[in-house]
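Participant: To start, I am sharing the structure in question, which I have written as structure tokens.
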Amino acid sequence: MVVVFLIFCIFEVTQGVIVVGELNKNVILPCSFTPGDDEVIHWIIGEDKYVISYYHNKDQLENQDKDYVGRTALFNNEISKGNASLQIRNLRKSDENTYNCYVGTRTEKTEYITLQVIDLQQTMEYKWDHNSLHLTCSVNTSTSVGITITWYENNQEVQKNQSTKSSYIVRNESLTYQCTIYSPTVQSSWTGSWRMKEPIMKDDSITCDCNFCNGTFNSKWYFKKGTHEVEIASMDKSLPVISTEYKDRIDNLNKHNLTLRKLGPSDSGNYICVIKMEQNMDIEMTAVSISGENENHKLNAKSHRKRWILLVPFILVPLGAIFKILKDMKKARPNE
């Protein structure tokens, strides 16, 4: 009697999944399978570019391509539940490709996932038009489907557009204005904000600060007088770059703050502090108005001090002489 054992292998192929990720952010490529024993997982590009592998109950990185070293992870605690999804961190444009997710247990399955990487370049800009200040929020991207820009005055929604660019006029400088740009494709939200700080009307100092900055940031400081606008300084994680005209008067007390000292009448104008981070951008304006009277007052006060210093000897010498005469008279008086 001949016994024939028939071994059946079930092989499943799934195609057509598209995932969109944002440049420099993280993304998850989904891959699921029917739970089984002794799981073998390979994420591959093409035939031999290994992104990550898993077998013997642990990650296997010996054959991992150098482009993905330190940027990939499986959800190891979820593998026994049928989750073979891949996380790629700090996305690069070069990560765009079709990824093969192979899972082997008693059955075999391969899924094909196409990754697209988009660069969302959001910004907030300001522009004076006669006496009005116009704010514009925009996003430059290859995928504009469903992008929404919403405007707020003191956290109250005032305008909403499905567009990649939207403008709003500042009607009340005592309010804070914000825009949010939402991109549903990558479920990303970005915020730009504008506010006018308390004006400075005395010979004090002014600061462009980023005390709340964490991680990557970039700040620029501008001075605007009339239609003329110049950059005072710029700063990121490295040392600040300060224009020659202001170098002797700007202090960099810590890595986030710049302070301009010894303000005078010639410093009167608008100061614009622009701070950019990954998910938001802040524009703060400060009006400085120092009149020449303040300077004259300082000079007069200084002059008065000098006069008093010169007069002191003429006052003290006679007083000393009078005191000596009184003392001598007291000594000459007969004892009673």
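According to mature numbering (1 follows the signal peptide of the UniProt record, and there is no 0), the residues represented by the sequence shown are -16 to -1, 1 to 320, in order.
Heads up, the beta-carbon is just placed ideally off N, CA and C, and yes, glycines get one too.
(1) Closest to glutamate 213 by CA distance: which of Asn202, Lys186, Trp112 is it?
(2) Can you round the beta-carbon distance between threonine 94 and tyrosine 86 to whole angstroms, since I take them to be within the 8 Å contact cut?
(3) Hey, which unbroken runs of the beta strand (DSSP E) at 3 residues or more fall wholly within the region 37 to 99?
(4) Please report how far the alpha carbon of asparagine 124 lies from the alpha carbon of isoleucine 165, in whole angstroms.
(5) With H, G and I counted as helix, E and B as strand and the rest as coil, what does DSSP make of serine 172?
(6) If you follow the beta strand (DSSP E) that isoleucine 28 is in, where does it begin and where does it stop?
(7) Who are the near neighbours of isoleucine 274 in its chain, counting only those whose CB is closer than 8 Å to its CB and skipping five residues on each side?
(8) Assuming leucine 244 and arginine 233 make a contact with CB atoms under 8 Å, what is their CB distance in whole Å?
(9) In three-state DSSP terms, what is aspartate 193?
(10) Taking only the alpha-carbon atoms, compute the straight-line gap between threonine 160 and isoleucine 133 and give it to the nearest angstrom.
(11) Closest to serine 172 by CA distance: which of Asn264, Tyr96, Ile153 is it?
(12) Quick one, which of Glu182, His240, Tyr39 has its alpha-carbon nearest serine 218's?
(13) Return the first residue and the last residue of the beta strand (DSSP E) that isoleucine 256 is part of.
(14) Is the region 132 to 150 in contact with the region 75 to 82, if contact means three or more CB pairs nearer than 8 Å?
(15) Just to confirm my understanding: we take threonine 200, look at its own chain, exclude 5 residues before and 5 after, and list those with CB closer than 8 Å. What are they?
(16) From tyrosine 38 to asparagine 138, what does the alpha carbon distance come to, in whole angstroms?
(17) Taking the beta strand (DSSP E) that leucine 244 falls in, what are its first and last residues?
(18) Thinking C-beta only, is glutamate 80 closer than 7 Å to glutamine 105?
(19) Among the candidates Leu223, Ser189, Thr89, Gly20, whose CA atom is the shortest distance from the CA of serine 203?
(20) For a quick check, are the C-beta atoms of threonine 268 and lysine 181 less than 7 Å apart?
(21) Quick one: what does DSSP say glutamate 275 is sitting in, helix, strand or coil?
(22) Output the distance between the C-alpha atoms of aspartate 266 and isoleucine 190, rounded to the nearest integer angstrom.
(23) How would you call glutamate 6, buried or exposed, if buried means at least 16 neighbouring beta carbons within 10 angstroms?
(24) Out of Ser122, Asn238, His114, Leu45, point me to the one whose CA is closest to threonine 211's CA.
(25) Would you report the Cα separation of tyrosine 206 and tyrosine 255, rounded to the nearest angstrom?
(26) Quick check on glutamate 182: does DSSP put it in helix, strand or coil?
(27) On a CA-only basis, which of Asn60, Tyr96, Asn10, Ser177 is nearest glycine 30? Give me that one, please.
(28) Answer with buried or exposed for valine 11, where buried requires no fewer than 16 other C-beta atoms within 10 angstroms of its C-beta.
Facilitator: A quick look at the data gives this:
(1) Trp112
(2) 5 Å
(3) 42 to 44, 56 to 58, 70 to 72, 81 to 88
(4) 11 Å
(5) strand
(6) For isoleucine 28, the enclosing beta strand (DSSP E) covers residues 24 to 29.
(7) If we look at isoleucine 274 and ignore the five residues flanking it on each side, its Cβ neighbours are Ile184, Met185, Lys186, Asp187, Leu247, Gly248, Pro249, Asp251, Ser252.
(8) 6 Å
(9) strand
(10) 17 Å
(11) Asn264
(12) His240
(13) 253 to 261
(14) A contact is defined here as three or more CB-CB pairs under 8 Å, and the region 132 to 150 fails this definition with respect to the region 75 to 82.
(15) Asp220, Lys221, Met261, Glu262
(16) Cα to Cα, the separation comes out at about 51 Å.
(17) 241 to 244
(18) no
(19) Proximity to serine 203 across Leu223, Ser189, Thr89, Gly20 peaks at Leu223, based on C-alpha coordinates.
(20) Note that residue 268 is glutamate in the sequence shown here, rather than threonine. Yes.
(21) A small fix is needed here, since residue 275 is serine in this sequence, not glutamate. Correct three-state label for serine 275: coil.
(22) 17 Å
(23) buried
(24) His114
(25) 6 Å
(26) In the three-state DSSP reduction, glutamate 182 falls in the coil class, being neither helix nor strand.
(27) Tyr96
(28) Residue burial is scored here from C-beta neighbours: valine 11 has at least 16 other C-beta atoms within 10 angstroms and is therefore classed as buried.
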